[in-house]
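Q:
Protein chains: 2
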Amino acid sequence: MIVTPQTLLFDTPLTLQSGAVLPRYELVYETYGTLNAERSNAVLVCHALNASHHVAGRYADANGQPLPRSEGWWDNLIGPGKPIDTQRWFVIGINNLGSCFGSTGPTHVNPATGEAWGADFPVVTVEDWVHAQARLLDQLGISALAAVVGGSLGGMQTLSWTLQYPQRVRHAVVVASAPNLTAENIAFNEVARRAIVTDPDFHGGHYLRHGTLPRRGLRIARMIGHITYLSDDVMNEKFGRQLKPLNEAAQAGDLDEAVRLAYRYTTQDVEFQIESYLRHQGDKFSEYFDANTYLLITRALDYFDPARHHDGNLSAALAAARAQFLLVSFTTDWRFSPARSREVVKALLDNRRDVSYAEIDAPHGHDAFLLDDPRYHAAVRAYFERQVAQPLASGNRA
Amino acid sequence: MIVTPQTLLFDTPLTLQSGAVLPRYELVYETYGTLNAERSNAVLVCHALNASHHVAGRYADANGQPLPRSEGWWDNLIGPGKPIDTQRWFVIGINNLGSCFGSTGPTHVNPATGEAWGADFPVVTVEDWVHAQARLLDQLGISALAAVVGGSLGGMQTLSWTLQYPQRVRHAVVVASAPNLTAENIAFNEVARRAIVTDPDFHGGHYLRHGTLPRRGLRIARMIGHITYLSDDVMNEKFGRQLKPLNEAAQAGDLDEAVRLAYRYTTQDVEFQIESYLRHQGDKFSEYFDANTYLLITRALDYFDPARHHDGNLSAALAAARAQFLLVSFTTDWRFSPARSREVVKALLDNRRDVSYAEIDAPHGHDAFLLDDPRYHAAVRAYFERQVAQPLASGNRA
Numbered sequence: 001m002i003v004t005p006q007t008l009l010f011d012t013p014l015t016l017q018s019g020a021v022l023p024r025y026e027l028v029y030e031t032y033g034t035l036n037a038e039r040s041n042a043v044l045v046c047h048a049l050n051a052s053h054h055v056a057g058r059y060a061d062a063n064g065q066p067l068p069r070s071e072g073w074w075d076n077l078i079g080p081g082k083p084i085d086t087q088r089w090f091v092i093g094i095n096n097l098g099s100c101f102g103s104t105g106p107t108h109v110n111p112a113t114g115e116a117w118g119a120d121f122p123v124v125t126v127e128d129w130v131h132a133q134a135r136l137l138d139q140l141g142i143s144a145l146a147a148v149v150g151g152s153l154g155g156m157q158t159l160s161w162t163l164q165y166p167q168r169v170r171h172a173v174v175v176a177s178a179p180n181l182t183a184e185n186i187a188f189n190e191v192a193r194r195a196i197v198t199d200p201d202f203h204g205g206h207y208l209r210h211g212t213l214p215r216r217g218l219r220i221a222r223m224i225g226h227i228t229y230l231s232d233d234v235m236n237e238k239f240g241r242q243l244k245p246l247n248e249a250a251q252a253g254d255l256d257e258a259v260r261l262a263y264r265y266t267t268q269d270v271e272f273q274i275e276s277y278l279r280h281q282g283d284k285f286s287e288y289f290d291a292n293t294y295l296l297i298t299r300a301l302d303y304f305d306p307a308r309h310h311d312g313n314l315s316a317a318l319a320a321a322r323a324q325f326l327l328v329s330f331t332t333d334w335r336f337s338p339a340r341s342r343e344v345v346k347a348l349l350d351n352r353r354d355v356s357y358a359e360i361d362a363p364h365g366h367d368a369f370l371l372d373d374p375r376y377h378a379a380v381r382a383y384f385e386r387q388v389a390q391p392l393a394s395g396n397r398a
Numbered sequence: 399m400i401v402t403p404q405t406l407l408f409d410t411p412l413t414l415q416s417g418a419v420l421p422r423y424e425l426v427y428e429t430y431g432t433l434n435a436e437r438s439n440a441v442l443v444c445h446a447l448n449a450s451h452h453v454a455g456r457y458a459d460a461n462g463q464p465l466p467r468s469e470g471w472w473d474n475l476i477g478p479g480k481p482i483d484t485q486r487w488f489v490i491g492i493n494n495l496g497s498c499f500g501s502t503g504p505t506h507v508n509p510a511t512g513e514a515w516g517a518d519f520p521v522v523t524v525e526d527w528v529h530a531q532a533r534l535l536d537q538l539g540i541s542a543l544a545a546v547v548g549g550s551l552g553g554m555q556t557l558s559w560t561l562q563y564p565q566r567v568r569h570a571v572v573v574a575s576a577p578n579l580t581a582e583n584i585a586f587n588e589v590a591r592r593a594i595v596t597d598p599d600f601h602g603g604h605y606l607r608h609g610t611l612p613r614r615g616l617r618i619a620r621m622i623g624h625i626t627y628l629s630d631d632v633m634n635e636k637f638g639r640q641l642k643p644l645n646e647a648a649q650a651g652d653l654d655e656a657v658r659l660a661y662r663y664t665t666q667d668v669e670f671q672i673e674s675y676l677r678h679q680g681d682k683f684s685e686y687f688d689a690n691t692y693l694l695i696t697r698a699l700d701y702f703d704p705a706r707h708h709d710g711n712l713s714a715a716l717a718a719a720r721a722q723f724l725l726v727s728f729t730t731d732w733r734f735s736p737a738r739s740r741e742v743v744k745a746l747l748d749n750r751r752d753v754s755y756a757e758i759d760a761p762h763g764h765d766a767f768l769l770d771d772p773r774y775h776a777a778v779r780a781y782f783e784r785q786v787a788q789p790l791a792s793g794n795r796a
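Sequence lines, in order, name chains A and B.
Numbered according to the numbering used here, the first sequence spans residues 1 to 398.
Numbered according to the numbering used here, the second sequence spans residues 399 to 796.
Here it is in structure tokens:
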């Protein structure tokens with residue numbers, strides 16, 4: 001499946017939750033499959049922290065051939081014949097405001113100054129993103145969505161869709177998500193932000209003006225993130241206490257050297273495999289991700305809390321939803337644990353909503369939502385075939 | 399209980415596990431209680447990352463009055479009438495090599511250069527610390543210990559004592575510890591170290607020569623540490639999703655302002671209480687802790703792995719131990735989980751050692767080992783009264 005991103009320009013100002021106004025902005029999006037004549041088969045996919053509109057398919061090179069390793073981030077779930085089958089559904093991926101992957105964000109030019117927005121880009125919330133996504137769907141002539149789907153922060157947007165636009169969402173698929181962040185989640189975000197903000201190359205968020213990038217801070221932020229996306233078990237299985245120099249020497253057949261290198265007795269060199277892996281992840285990330293975007297997106301995560309205006313009562317907060325729901329969680333996900341998904345399930349049942357819930361016994365931690373665990377994918381496939389594909393009359397309470 | 403630290407100078411070189419030799423060094427220590435005539439009531443307490451020889455009691459001001467807030471770090475556990483009763487036991491706290499609290503470490507002068515050791519201070523291991531502690535006990539004329547006690551990294555030293563000097567330890571009390579670090583533990587240490595090492599003020603570990611201190615890195619390291627010392631539950635209970643500016647305005651009785659400040663919509667200001675707490679902890683720590691010491695101690699944690707020379711077989715590794723054991727773990731400790739203590743219990747039982755094990759249902763995470771949970775303290779008290787106080791003949795297999 002060869003895909004091409006598109007861009008829509010919005011000239012009407014967007015008032016954000018903070019009160020700030022974005023005078024004009026662009027949103028980049030991709031679509032897969034074909035919108036039917038009734039415009040009733042649209043499925044919106046919301047992305048998480050380190051992702052974009054490029055949800056599925058591959059990009060083409062100059063000769064129209066698929067570029068290697070250009071698959072979208074949920075390509076194992078979405079495509080022809082896949083659990084979310086693009087032969088049946090018209091799937092839309094939209095890059096969120098504030099991103100560094102195409103839609104208007106801190107690296108773009110602030111029309112008021114003629115310079116990059118940098119730290120002056122206004123804080124955006126989950127609700128703001130959903131609002132902007134709805135405007136884009138208006139432009140595409142899509143008034144109602146067969147389903148909204150998202151994992152992690154994308155799941156928060158999915159939940160928010162059912163509250164902000166209850167009449168426009170028939171089904172909501174919320175994977176590895178939560179009704180808000182715990183104090184521990186906020187704490188991890190805060191440490192990552194402090195690492196970025198206290199990097200001397202950050203320059204108050206205006207590093208582009210200074211011709212620098214706060215790569216040190218981004219590296220640390222990404223390393224922290226990576227630890228929390230994996231489970232302790234899968235880390236032990238993948239890396240354990242393996243010593244990198246020893247492994248390398250052993251692979252080269254030099255066992256004497258391997259033994260000599262068992263421990264290097266240093267504090268700054270890579271000694272354990274897990275260190276090498278984390279440094280590599282941090283280095284890669286710091287080359288392509290924008291620091292101000294990282295700050296904005298983690299803050300949107302911190303803020304999200306639909307129960308806030310209902311004295312913390314999630315059941316009262318979710319009373320506005322009209323969609324049918326599928327929630328999926330993963331047993332070893334300690335960042336968005338099954339208990340958090342169950343809170344949402346309970347609050348929806350309190351409101352007599354139709355809810356399906358799958359708790360998948362997977363070893364991969366939070367990352368599991370991006371992997372192709374067969375039970376997880378079977379649950380999503382079955383939900384789309386049996387529930388989302390049902391005729392509107394029997395499938396929708398709206 | 400007023401206490402005074404003492405210092406012992408060692409002029410005999412100490413060969414470290416890495417092969418490096420420390421030509422001469424000082425160890426700072428404190429003692430509480432009185433050594434009996436048989437020299438049989440000595441209890442050694444080993445300290446963890448952010449602690450020292452100052453285990454119990456208080457320091458005196460110029461008038462001999464106790465200084466406020468000068469209590470030792472385990473003062474709730476150790477003292478007259480306390481679970482480890484200094485009316486009966488002669489308790490010894492020793493500051494480890496490489497520390498920044500008095501014993502020879504990276505901030506001390508390297509005799510070879512006349513300058514501070516800095517990053518050139520040799521890497522020390524748990525085994526090196528135990529070796530140095532044993533030398534100090536030699537000087538005090540103590541050939542056998544009634545007990546060695548330690549929590550966390552201190553528990554690793556305790557375990558190591560029973561393997562390096564099996565004939566010198568009658569009882570080992572290992573609290574909230576593990577037979578080695580998991581990959582996840584090493585990963586958190588590595589992120590903390592990268593934050594320090596990539597701080598531009600680190601200067602390859604020779605910041606003292608440059609008149610700087612890598613405070614930014616230390617702050618991040620401490621924030622990461624703090625998250626992992628607490629449980630998710632206790633963080634939620636203490637901080638939840640409370641907004642700091644809102645709380646402050648509400649406390650000042652200004653509810654309109656409180657509502658206005660509900661969210662500030664910033665990425666760098668403190669908005670949530672947990673952020674304020676973490677920043678404060680990081681700031682405090684960066685004022686008194688030495689960065690090279692942080693690197694050395696976390697590396698000692700990473701390295702510790704007595705099963706390493708036994709193909710990962712912990713039972714084989716612990717076969718050398720002759721002591722009786724008490725292990726204590728805390729249900730919400732996700733850094734040194736009960737499962738890790740149970741591994742030690744199982745390995746000791748495989749060797750038919752006498753083992754007591756208490757798994758305390760405490761909400762406080764890893765930090766619980768420093769708090770005065772009554773069930774935990776009762777278990778330690780009972781063990782000392784019933785087991786350690788037993789006559790040597792019935793209590794020791796050595």
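Heads up, the beta-carbon is just placed ideally off N, CA and C, and yes, glycines get one too.
#1: Using the DSSP secondary-structure output, state which residues sit across from Pro66(A) in a beta bridge.
#2: Using a Cβ-Cβ cut-off of 8 angstroms, state whether Arg437(B) counts as contacting chain A.
#3: Counting pairs of beta carbons, one from the segment 311 to 320 of chain A and one from the segment 64 to 74 of chain A, are three or more of them closer than 8 angstroms?
#4: Anyone know if the C-beta pair for Ala454(B) and Ala544(B) falls short of 8 angstroms?
#5: Label Glu588(B) either buried or exposed according to how many other C-beta atoms from any shown protein chain fall within 10 Å of its C-beta, with 16 as the threshold for buried.
#6: Considering only DSSP beta bridges, list what Tyr357(A) is partnered with.
#7: Need the endpoints of the beta strand (DSSP E) that Gln164(A) sits in, please.
#8: Below 8 angstroms on the Cβ atoms is my guess for Gly819(B) versus Val632(B); work out the distance and round it to an integer in Å.
#9: For Ser403(A), decide whether its Cβ has a neighbour in chain B, counting only Cβ atoms nearer than 8 angstroms.
#10: When you compare only the Cα positions, how much space is there between Glu646(B) and Gly638(B)?
#11: Does the beta carbon of Val595(B) come closer than 8 angstroms to any beta carbon on chain A?
#12: Of all Cβ atoms in chain B, is any one closer than 8 angstroms to the Cβ of Tyr265(A)?
#13: Using 8 angstroms for Cβ pairs, my map puts Gly102(A) next to Val28(A). What's the rounded Cβ distance?
#14: Under DSSP, the beta strand (DSSP E) around Leu9(A) begins and ends at which residues?
#15: With burial defined as no fewer than 16 other Cβ atoms inside 10 Å of the residue's Cβ, what is the status of Gln531(B): buried or exposed?
#16: Check the DSSP bridge columns for Phe272(A) and list the partner residues they point to.
#17: Could you spell out the range, first to last residue, of the beta strand (DSSP E) harbouring His171(A)?
#18: Just list the residues that DSSP pairs Val489(B) with in beta bridges.
#19: Taking buried to mean at least 16 other C-beta atoms within 10 Å of its own C-beta, is Val419(B) buried or exposed?
#20: Please report the distance separating the alpha-carbon of Asn365(B) from that of Thr432(B).
#21: Who are the near neighbours of Gly793(B) in its chain, counting only those whose CB is closer than 6 angstroms to its CB and skipping five residues on each side?
#22: Quick one: grab the DSSP three-state call for Val21(A).
#23: Identify each residue in the segment 177 to 206 of chain A for which the Cβ-Cβ distance to at least one residue of chain B is less than 7 angstroms, and report them in chain order.
#24: Is the beta carbon of Gly503(B) closer than 8 angstroms to that of Asp688(B)?
#25: Anything in chain B within Cβ reach of Tyr303(A), meaning under 9 angstroms, just list it in chain order.
#26: So which residues of chain B does Gly105(A) contact, with C-beta pairs closer than 8 angstroms?
#27: So which residues on chain B does Asp232(A) lean against when the C-beta distance must stay under 7 angstroms?
#28: Strictly by DSSP, which residues pair up with Asn508(B)?
#29: Just how far apart, CA to CA, sit Ala48(A) and Phe304(A)?
#30: Using beta carbons (cut-off 8 angstroms, strictly below), is Ile274(A) in contact with chain B?
#31: Go through its chain and collect everything with a Cβ distance to Ala791(B)'s Cβ below 7 angstroms, but skip five positions before and after it.
#32: Select from the segment 122 to 153 of chain A all residues with a C-beta closer than 7 angstroms to any C-beta belonging to chain B, and list them in chain order.
#33: For Leu278(A), decide whether its Cβ has a neighbour in chain B, counting only Cβ atoms nearer than 8 angstroms.
#34: Which residues, in chain order, does the segment 285 to 298 of chain A contribute to contact with chain E at a C-beta distance below 7 angstroms?
#35: So which residues of chain B does Gly240(A) contact, with C-beta pairs closer than 7 angstroms?
#36: Leaving aside the five residues before and after Val197(A) along the sequence, list all residues of the same chain whose C-beta is less than 6 angstroms from its C-beta, in chain order.
A: The relevant details are as follows:
#1: Working through the first sequence from its first residue, we reach residue 66(A) at position 66. Note: Pro66(A) sits in a beta bridge opposite Ala60(A).
#2: Counted from its first residue, the second sequence places residue 437(B) at position 39. No, because no Cβ of chain A sits closer than 8 angstroms to the Cβ of Arg437(B).
#3: no
#4: The residue labelled residue 454(B) in the question sits at position 56 within the second sequence. The residue labelled residue 544(B) in the question sits at position 146 within the second sequence. Not a contact, by the Cβ cut-off of 8 angstroms.
#5: Within the second sequence, the letter at position 190 stands for residue 588(B). The residue in question, Glu588(B), is buried, as its Cβ has 16 or more Cβ neighbours within 10 Å.
#6: Reading the first sequence from its first residue, position 357 is the one you call residue 357(A). DSSP, once it has assigned bridges, lists Leu327(A) as partnering Tyr357(A).
#7: Working through the first sequence from its first residue, we reach residue 164(A) at position 164. Note, Gln164(A): premise wrong, no beta strand (DSSP E); alpha helix (DSSP H) at Leu153 to Gln164.
#8: Past the boundaries of the shown model lies residue 819(B); chain B is included only from 399 to 796, so the question cannot be answered.
#9: Summary: the structure shown does not reach residue 403(A), with chain A confined to residues 1 through 398, and so no result is reported for it.
#10: Position 248 of the second sequence, counted from the start, is the residue given in the question as residue 646(B). Position 240 of the second sequence, counted from the start, is the residue given in the question as residue 638(B). Distance between the alpha carbons of Glu646(B) and Gly638(B): 16 angstroms.
#11: As a working mapping, residue 595(B) is identified with position 197 in the second sequence. So, interface residue.
#12: Position 265 of the first sequence, counted from the first residue, corresponds to residue 265(A). So, interface residue.
#13: Numbered from its first residue, the first sequence carries residue 102(A) at position 102. Numbered from its first residue, the first sequence carries residue 28(A) at position 28. Yes, they are in contact, since the Cβ atoms of Gly102(A) and Val28(A) sit about 3 angstroms apart, within 8 angstroms.
#14: The residue you call residue 9(A) lines up with position 9 of the first sequence. Here the beta strand (DSSP E) through Leu9(A) covers Gln6 to Phe10.
#15: Position 133 of the second sequence, counted from the first residue, corresponds to residue 531(B). Flag for Gln531(B) reads buried.
#16: In the first sequence, counting from the first residue as 1, residue 272(A) sits at position 272. DSSP, once it has assigned bridges, lists Leu243(A) as partnering Phe272(A).
#17: Looking up residue 171(A) in the first sequence gives position 171. It spans His171 to Val175 - the beta strand (DSSP E) in which His171(A) sits, taken as one unbroken run.
#18: Numbered from its first residue, the second sequence carries residue 489(B) at position 91. Paired residues: Tyr430(B) and Val441(B).
#19: Residue 419(B) sits at position 21 when you count from the first residue of the second sequence. Exposed, because fewer than 16 other Cβ atoms sit within 10 Å of the Cβ of Val419(B).
#20: Residue 365(B) falls outside the range modelled here, since chain B spans only 399 to 796, and no answer is possible.
#21: For the purposes of this step, residue 793(B) is taken as residue 395 along the second sequence, with counting starting at 1. Bear in mind that a pLDDT of 43 at Gly793(B), under 50, signals an unreliable position, so the model cannot answer this.
#22: Residue mapping note: residue 21(A) aligns to position 21 of the first sequence, counting from 1. Residue state, collapsed to three classes: strand.
#23: Asn180, Thr182, Ala183, Glu184, Ile186, Ala187, Phe188, Glu190, Val191, Arg193, Arg194, Ala195, Val197, Thr198 and Pro200
#24: Against the second sequence, residue 688(B) aligns to sequence position 290. Against the second sequence, residue 503(B) aligns to sequence position 105. Going by C-beta atoms, Asp688(B) is nearer than 8 angstroms to Gly503(B).
#25: As a working mapping, residue 303(A) is identified with position 303 in the first sequence. By Cβ distance, chain B contributes Tyr661, Tyr663 and Glu669.
#26: Counting from 1 along the first sequence, the entry for residue 105(A) is found at position 105. Result: empty, since nearest Cβ-Cβ is about 13 angstroms, beyond 8 angstroms.
#27: As a working note, residue 232(A) is residue 232 in the first sequence. Those are Thr580 and Glu582, listed as they occur along chain B.
#28: Translated into positions along the second sequence, residue 508(B) becomes position 110. Looking at the DSSP assignment, Asn508(B) forms a beta bridge with Glu513(B).
#29: Locating residue 48(A) in the first sequence gives position 48, where the first residue counts as 1. Locating residue 304(A) in the first sequence gives position 304, where the first residue counts as 1. Straight-line Cα distance between these residues: approximately 13 angstroms.
#30: Residue mapping note: residue 274(A) aligns to position 274 of the first sequence, counting from 1. Answer yes: the Cβ-Cβ gap between Ile274(A) and chain B drops below 8 angstroms somewhere.
#31: In the second sequence, the residue the question calls residue 791(B) occupies position 393. Residue placement at Ala791(B) cannot be trusted, given a pLDDT of 46 that sits under 50; what the coordinates show is reported in the next sentence. Hits under 7 angstroms: none found.
#32: Val123
#33: In the first sequence, the residue the question calls residue 278(A) occupies position 278. Yes - at least one Cβ of chain B is within 8 angstroms of the one on Leu278(A).
#34: Absent here is chain E; the protein component of the structure consists of chains A and B.
#35: By 1-based counting over the first sequence, the position of residue 240(A) is 240. Those are Ala581, listed as they occur along chain B.
#36: Residue numbering aside, residue 197(A) sits at position 197 when the first sequence is read from its first letter. There are no such residues.
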